[in-house]
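Student:
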Amino acid sequence: MKNLVVGAGFSGAVIAALIANKFNEEVLVIDKKNHIAGNCYDYRDENGIMIHKYGSHIFHTNSEKVWHFVRQFGNFNQYMHKVYAVIDGIETTIPFNFNTLYNVFPETLAKKLEEKLLKQFKFNTKVPILEFQKQNDEDLKFLANYIYEKIFLHYTLKQWGVSPDGVDGAVTARVPVYLSKDNRYFQDKYQGIPLNGYTKLIEKMLNHPKIKVELNTEFLNQKADRIFYTGAIDEYFDYKLGQLPYRSVRFEYETHNREFYQQNSVVNYPCNYDFTRIHEYKHYLNDKSDKTVIAKEYSENFVIGSNERYYPVPKDENTKLYNQYLELAKQESNVYFLGRLGDYKYYDMDKAILRAIELFEGITNA
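Each residue of the sequence shown is one higher than the one before, starting from 12 at the first, in the working numbering.
#1: May I ask you to report which of helix, strand or coil DSSP gives residue 14?
#2: Following the continuous beta strand (DSSP E) through residue 39, name the residue where it begins and the one where it ends.
#3: What residues match up with residue 303 in a beta bridge as DSSP calls it?
#4: Where does residue 338 land, buried or exposed, given buried means 16+ other C-beta within 10 angstroms?
#5: Could you name each continuous beta strand (DSSP E) segment of 3 residues or more that falls completely within the segment 174 to 213, going from the start of the chain to the end?
#6: Any idea which residues DSSP pairs residue 139 with across the strands?
#7: Decide yes or no for the touch test of the segment 68 to 85 against the segment 195 to 204: beta carbon pairs closer than 8 Å, at least 3 of them.
#8: Since residue 230 contacts residue 41 with CB under 8 Å, what's their CB separation in whole angstroms?
#9: When you compare each of 170, 325 and 299 to residue 5 by their alpha carbons, which one comes out closest?
#10: Quick one: which unbroken alpha helix (DSSP H) runs of 4-plus residues sit fully inside the segment 332 to 363? Chain order, please.
#11: Measuring CA to CA, which of 320, 328, 227 and 55 is closest to residue 208?
#12: Can you grab the Cα-Cα spacing for the pair residue 195 / residue 93, in whole Å?
#13: Express the C-alpha separation of residue 281 and residue 287 in angstroms, rounding to a whole number.
#14: Would you call the segment 149 to 157 and the segment 174 to 182 in contact, with 3 or more CB pairs under 8 Å?
#15: Across which residues does DSSP place residue 309 in a beta bridge pair?
#16: With a cut-off of 8 Å on the beta carbons, I'd call residue 58 and residue 206 a contact; round off their distance for me.
#17: Give the C-beta separation of residue 350 and residue 18 to the nearest angstrom, bearing in mind that I take them to be a contact with Cβ-Cβ under 8 Å.
#18: Compute the Euclidean distance between the alpha carbons of residue 100 and residue 219, then round it to the nearest angstrom.
#19: According to DSSP, residue 148 sits in a beta bridge with which residue or residues?
#20: Throw me the rounded Cβ distance for the residue 62 and residue 257 pair, which I believe falls under 8 Å.
#21: From residue 190 to residue 276, what distance separates their C-alpha atoms?
#22: Less than 7 Å between C-beta atoms, sequence neighbours within five positions excluded: which residues of the same chain meet that for residue 348?
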């Protein structure tokens with residue numbers, strides 16, 4: 012076997028497509044799931060609604076290279092993602108911005124806080140919450156504590172199982188305080204959802220005479236000249252140094268006999284209920300149906316054989332353990348680890364694609 016790719020998500024599909032198209036070499040892609048596209052997998056249900064099986068996936072990137080690459084395999088709509096949250100019973104936008112400020116506070120107090128914020132920070136800048144808490148002004152201290160309590164503390168406890176100061180700063184920095192009136196969750200140049208879904212996009216990526224795909228297939232140390240492994244790096248080495256921790260996610264689906272359940276695709280519940288958020292999929296591609304499907308999302312620890320790995324847990328001790336596995340990986344001269352599980356890194360889709368492209372370029376130039 013010339014090339015074996017383990018995993019048919021974005022990372023595996025991109026590297027397979029590049030090898031087949033650029034090297035004209037045969038590639039076998041295997042996946043233990045019964046479908047391609049990994050956690051980006053989507054499908055149309057009996058109501059004609061495109062369901063994201065593993066939670067909402069919104070494509071966004073500033074990389075011209077990534078955008079040009081994915082556009083070869085499908086067109087995207089112009090969807091720009093917004094996230095709402097229920098704070099003190101008020102549905103408002105997050106990240107917390109000036110619009111949120113006026114939604115949750117009386118106008119006179121909001122105006123006073125806005126003026127102080129603009130003296131302290133530049134407009135249109137993002138400040139991580141743990142940095143934002145370092146205030147001397149009493150009014151801004153009050154605001155920082157309010158945002159921490161109402162948006163970050165309980166949500167982080169639910170999603171990660173620890174308080175915000177117990178996770179890496181990169182986690183809390185993903186939802187900063189945004190000194191702006193921009194309600195979009197992402198500010199990337201390119202944003203959207205594939206018009207035919209992610210599964211069709213990846214299916215087209217893998218549609219090449221040199222590529223063969225085998226599903227329901229475990230990696231059992233098959234041999235190949237090159238192996239591209241997008242599974243968990245600790246699993247590859249049979250957990251010989253210990254298990255890398257992950258958080259997992261469980262979805263409870265509900266179908267409702269109404270056009271819409273909520274006014275937005277995603278609504279977060281930082282302080283209420285056991286679920287972290289509710290997804291409503293019709294919003295993404297403007298699907299038309301008399302019914303709607305929602306998914307309530309619950310976070311939980313990953314347990315081998317019970318659920319899926321979703322989020323690597325970013326802590327110093329986990330990074331240290333991953334680096335030890337990385338040293339083992341260097342001894343595997345023909346095995347390349349990539350993807351969220353292979354690199355033990357929280358990748359957005361565009362970053363996973365770019366990582367695969369750059370890995371291929373490294374092989375090409377070697």
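Ideal Cβ positions, reconstructed from N, Cα and C, are used throughout, including at glycine.
Tutor: Reading it off the structure:
#1: Sequence index remark: in the sequence shown, residue 14 carries index 3 (1-based). Three-state DSSP puts residue 14 in a strand.
#2: As a position in the sequence shown, residue 39 is number 28, starting the count at 1. 38 to 41 is the extent of the beta strand (DSSP E) around residue 39.
#3: As a first step, residue 303 must be located in the sequence shown, where it is residue number 292. The partner list for residue 303 (beta bridge, DSSP) reads 267.
#4: As a first step, residue 338 must be located in the sequence shown, where it is residue number 327. Its Cβ having fewer than 16 others within 10 Å, residue 338 is exposed.
#5: 188 to 190 and 201 to 203
#6: Residue numbering aside, residue 139 sits at position 128 when the sequence shown is read from its first letter. In DSSP, residue 139 forms no bridge with anything.
#7: yes
#8: For this step, residue 230 is matched to residue 219 along the sequence shown. For this step, residue 41 is matched to residue 30 along the sequence shown. Approximately 7 Å separates the beta-carbon atoms of residue 230 and residue 41; this is inside 8 Å, confirming the contact.
#9: With the chain covering 12 to 377 only, the question about residue 5 has no answer from this structure.
#10: Correct list: 350 to 353.
#11: To locate residue 208, count along the sequence shown from 1; it is residue 197. For the residues 320, 328, 227 and 55, the minimum Cα distance to residue 208 belongs to 55.
#12: For the purposes of this step, residue 195 is taken as the residue at position 184 of the sequence shown. For the purposes of this step, residue 93 is taken as the residue at position 82 of the sequence shown. Taking the straight line from one Cα to the other gives about 5 Å.
#13: The residue you call residue 287 lines up with position 276 of the sequence shown. The residue you call residue 281 lines up with position 270 of the sequence shown. Each residue's alpha carbon lies about 6 Å from the other.
#14: A contact is defined here as three or more CB-CB pairs under 8 Å, and the segment 149 to 157 fails this definition with respect to the segment 174 to 182.
#15: The residue you call residue 309 lines up with position 298 of the sequence shown. Answer by DSSP bridge pairing, in chain order: 261.
#16: Here the question's residue 58 lines up with position 47 in the sequence shown. Here the question's residue 206 lines up with position 195 in the sequence shown. About 18 Å separates the two Cβ atoms, so there is no contact after all.
#17: For the purposes of this step, residue 350 is identified with residue 339 of the sequence shown, where counting begins at 1. For the purposes of this step, residue 18 is identified with residue 7 of the sequence shown, where counting begins at 1. About 6 Å; that satisfies the 8 Å criterion.
#18: Residue mapping note: residue 100 aligns to position 89 of the sequence shown, counting from 1. Residue mapping note: residue 219 aligns to position 208 of the sequence shown, counting from 1. So the two alpha carbons sit approximately 52 Å from each other.
#19: What you label residue 148 is simply residue 137 of the sequence shown in a count that begins at 1. In the DSSP output, where bridge partners are listed per residue, residue 148 has none listed.
#20: Reading the sequence shown from its first residue, position 51 is the one you call residue 62. Reading the sequence shown from its first residue, position 246 is the one you call residue 257. 23 Å between Cβ atoms; not a contact.
#21: The sequence position of residue 190 within the sequence shown is 179, counting from 1. The sequence position of residue 276 within the sequence shown is 265, counting from 1. So the two alpha carbons sit approximately 23 Å from each other.
#22: As a first step, residue 348 must be located in the sequence shown, where it is residue number 337. Only 240, 244, 340 and 354 meet the Cβ criterion.
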